[in-house]
Structures are given as structure tokens and as C-alpha cells.
Amino acid sequence: MSALLASDASGSEFEFAIDVKVNGREIPREAIYKEMQYHPAATPRDAIYAAARALVFGELLRERAIALELCDADIETASEAFDQALEQLLQQEVPVTEPAEAECRAYFEQHRDKFRSEPLAEVRHILLAAEPNDADALAKANVSALELLKQIQDASDPLLAFAELAKSVSGCSSNSSGGSLGQIGRGDTVGPFQQAVFAQGSGLVPQPVETEYGVHLIYVEHSEPGQPLEFDYVSDRIADYLQERQRRQLTDAYLQELVKNAEISGLDL
Numbered sequence: 001m002s003a004l005l006a007s008d009a010s011g012s013e014f015e016f017a018i019d020v021k022v023n024g025r026e027i028p029r030e031a032i033y034k035e036m037q038y039h040p041a042a043t044p045r046d047a048i049y050a051a052a053r054a055l056v057f058g059e060l061l062r063e064r065a066i067a068l069e070l071c072d073a074d075i076e077t078a079s080e081a082f083d084q085a086l087e088q089l090l091q092q093e094v095p096v097t098e099p100a101e102a103e104c105r106a107y108f109e110q111h112r113d114k115f116r117s118e119p120l121a122e123v124r125h126i127l128l129a130a131e132p133n134d135a136d137a138l139a140k141a142n143v144s145a146l147e148l149l150k151q152i153q154d155a156s157d158p159l160l161a162f163a164e165l166a167k168s169v170s171g172c173s174s175n176s177s178g179g180s181l182g183q184i185g186r187g188d189t190v191g192p193f194q195q196a197v198f199a200q201g202s203g204l205v206p207q208p209v210e211t212e213y214g215v216h217l218i219y220v221e222h223s224e225p226g227q228p229l230e231f232d233y234v235s236d237r238i239a240d241y242l243q244e245r246q247r248r249q250l251t252d253a254y255l256q257e258l259v260k261n262a263e264i265s266g267l268d269l
């Protein structure tokens with residue numbers, strides 16, 4: 001029986017005994033160790049299992065490709081030739097059909113909330129810079145932000161007051177344009193900032209917002225909510241998704257059938 005060295009959470013090494021065979025052919029421990037890098041897991045044992053499982057499936061597919069004369073008997077799974085043979089094998093034995101329009105429409109109707117344009121907003125901000133691990137600086141920035149917020153709220157023209165304060169106190173390069181960031185969408189800014197912008201409509205965000213850059217005051221000049229998309233606009237995307245989902249399901253079933261008809265020792269699949 002071969003043994004594989006691994007490290008536990010404390011960094012201490014231990015031996016993990018493993019002796020995996022597929023139809024009498026051993027999966028070398030060196031191959032399992034090498035494969036582990038592609039299977040990050042919570043524990044070394046989980047990574048070893050995932051790596052061994054992947055190699056077992058690879059060996060089953062190799063044997064099937066050889067049986068169908070799609071490749072030479074001495075082919076290695078870590079080779080371009082095997083990748084080509086595998087593609088032929090799956091095309092031959094796991095045929096995937098294009099979803100019908102009715103199926104795509106049904107998915108569209110059941111998941112309308114997924115098919116909306118991204119919301120957009122015209123935004124200004126004032127940044128009071130502070131390091132995220134500097135509690136004193138953050139506290140001072142929050143106090144200053146609340147004072148500035150009250151000035152803006154009390155102004156006869158809050159937007160104008162916001163822009164003027166941005167020019168004089170903001171620590172962002174946008175200060176020269178009165179804090180204007182232009183039009184932003186989801187993913188354009190850090191999480192807390194984005195959440196504050198899209199949690200409300202137009203106007204002054206009523207509380208300071210902390211991010212990794214410091215404390216922000218935010219003014220949403222204009223907010224455009226996401227609009228429902230028409231089926232024709234997303235039909236190709238839906239068809240690709242359904243076809244890929246079908247491919248995964250059929251491939252999983254195909255692998256389980258190969259496992260069922262094989263002699264596998266040392267690993268419970």
C-alpha cells in the first residue's frame with residue numbers, strides 16, 4: 001500500500017494511506033499528489049479524495065476511449081492527444097441536443113428576475129480618507145462626515161453644497177469636478193459604496209458609508225433602475241446555459257455508469 005504525505009491545519013505532516021486501482025491499474029501516489037493542486041479543499045484529506053476521484057474518472061474515460069479505438073492503448077491522460085480523444089468520446093457517447101425555443105421560453109418565464117438590464121446611477125461623493133485598520137482615523141472621519149452631512153442637508157441647494165464641499169475637502173481626485181464619478185453600474189465600485197448607491201433612488205444618502213478607502217458621503221444625482229429584457233435579447237444566452245446544463249447532467253450520469261461497470265478499489269465513489 002502506498003502512502004501520501006499531507007499536512008494538517010497545524011502544518012504537521014501525516015501519512016495518508018491510499019491504494020487506488022481502476023480495473024487493476026494503480027493510480028500512482030505521485031499523480032494524486034500532483035493533481036491535488038487543482039482541488040483546493042478544507043482539509044488535506046478532502047483534497048486527496050477529490051484528486052483521486054478526478055484521476056479515477058480520467059482513467060475510466062481513457063479506458064473507454066481505447067476500447068472505442070479513439071486513441072492508442074498507451075495514451076496518457078495528461079496529454080493533448082487524450083484531450084482530443086476525450087472530446088471525440090463525449091461527442092459520440094454523450095450527445096447534447098440544442099434546446100427547443102419552447103424550453104428556452106419556459107425558462108425565461110420562470111426566471112424573469114434574472115433578465116434585467118443593470119441599474120445605473122449618476123453619482124457624486126466626498127471621501128474622508130482613513131486606513132481601514134486605523135480606528136482613531138476612522139472615528140474622526142465619521143465625526144467630520146456627520147458634520148458635513150448636516151451642512152448639506154441644511155443647505156437651500158443640497159446638490160450645490162455637496163459639490164462645493166467636495167472641491168474643498170474630498171480626498172478623491174474627483175474633487176476637481178465636485179466629487180462627480182459620472183455614471184456607474186454594479187461592480188464599478190466597492191461593495192458598501194455600491195450597496196448605498198443602489199439601495200435608494202436619487203438624492204443624498206442619509207448616512208456616511210465606510211469602505212476600505214475611508215468614509216464617504218454620497219449624492220445620487222440620477223438613478224436608472226434595471227429594466228426587464230425581452231426574450232429575443234436573451235434567447236441565445238438561455239440556450240447556451242440550458243445546453244451546458246444538459247451537458248453537465250449527461251456527463252455526470254455517463255461517468256456514474258462507467259463507475260458502475262468498473263472494478264474500483266481504494267476509493268468509495
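With full-length UniProt numbering as the guide, the letters of the sequence shown map in order to residues 1 to 269. Virtual Cβ for every residue (Gly too), placed ideally from N, Cα, C.
Between the alpha carbons of residue i and residue j, how many angstroms are there, rounded?
i      : j      : result
Ala9   : Gly266 : Residue confidence for Ala9 is low, a pLDDT of 43 falling below 50, so the modelled location carries little weight; the figure read from the coordinates is stated next. Going by the C-alpha atoms only, they are around 24 Å apart.
Ala65  : Ile75  : 10 Å
Ala253 : Arg247 : 10 Å
Val169 : Gln195 : 24 Å
Phe162 : Ile152 : 6 Å
Glu269 : Asn261 : Correcting the residue identity first, residue 269 is Leu in this sequence and not Glu. Computed Cα separation, rounded: 12 Å.
Gln183 : Ile32  : 50 Å
Ile126 : Pro225 : 23 Å
Tyr219 : Thr189 : 14 Å
Ile264 : Val20  : 7 Å
Lys34  : Arg45  : 14 Å
Asp236 : Ala135 : 50 Å
Leu165 : Glu221 : 16 Å
Gln207 : Glu244 : 44 Å
Phe14  : Gly187 : Residue confidence for Phe14 is low, a pLDDT of 41 falling below 50, so the modelled location carries little weight; the figure read from the coordinates is stated next. Cα to Cα, the separation comes out at about 43 Å.
Gln92  : Ala199 : 50 Å
Val205 : Phe231 : 35 Å
Glu257 : Gln37  : 27 Å
Asp113 : Glu101 : 19 Å
Glu63  : Phe115 : 43 Å
Phe193 : Ser176 : 20 Å
Val94  : Leu255 : 10 Å
Pro158 : Gly171 : 20 Å
Asp154 : Glu147 : 11 Å
Gly203 : Pro119 : 16 Å
According to the neighbour-count rule (16 or more other Cβ atoms, all chains shown, within 10 Å of its Cβ), is residue i buried or exposed?
i           : result
Leu89       : buried
Val143      : exposed
Gly214      : buried
Asn133      : exposed
His111      : exposed
Tyr49       : buried
His216      : buried
Tyr233      : exposed
Ser174      : buried
Glu212      : exposed
residue 279 : Not covered by the structure: residue 279. The range shown for the chain is 1 to 269.
Leu68       : exposed
Ala145      : buried
Ala47       : buried
Please state whether the Cβ-Cβ distance between residue i and residue j is less than 8 Å.
i           : j      : result
Leu160      : Arg124 : no
Pro99       : Ala239 : yes
Ala52       : Cys71  : no
Ala141      : Leu128 : yes
Ala121      : Val209 : no
Val259      : Leu61  : no
Lys167      : Gly185 : no
Gln227      : Ser156 : no
Val96       : Leu250 : yes
Gly191      : Ser223 : no
Glu131      : Ala137 : yes
residue 274 : Leu229 : The question about residue 274 has no answer, for the chain in this structure spans 1 to 269.
Does the beta carbon of residue i sit closer than 8 Å to a beta carbon anywhere in chain C?
i      : result
Arg112 : No chain C appears in this structure, which consists of one protein chain only.
Three CB pairs or more closer than 8 Å across the stretch 94-108 and the stretch 76-83: no
Three or more C-beta pairs below 8 Å linking the stretch 50-57 and the stretch 27-40: yes
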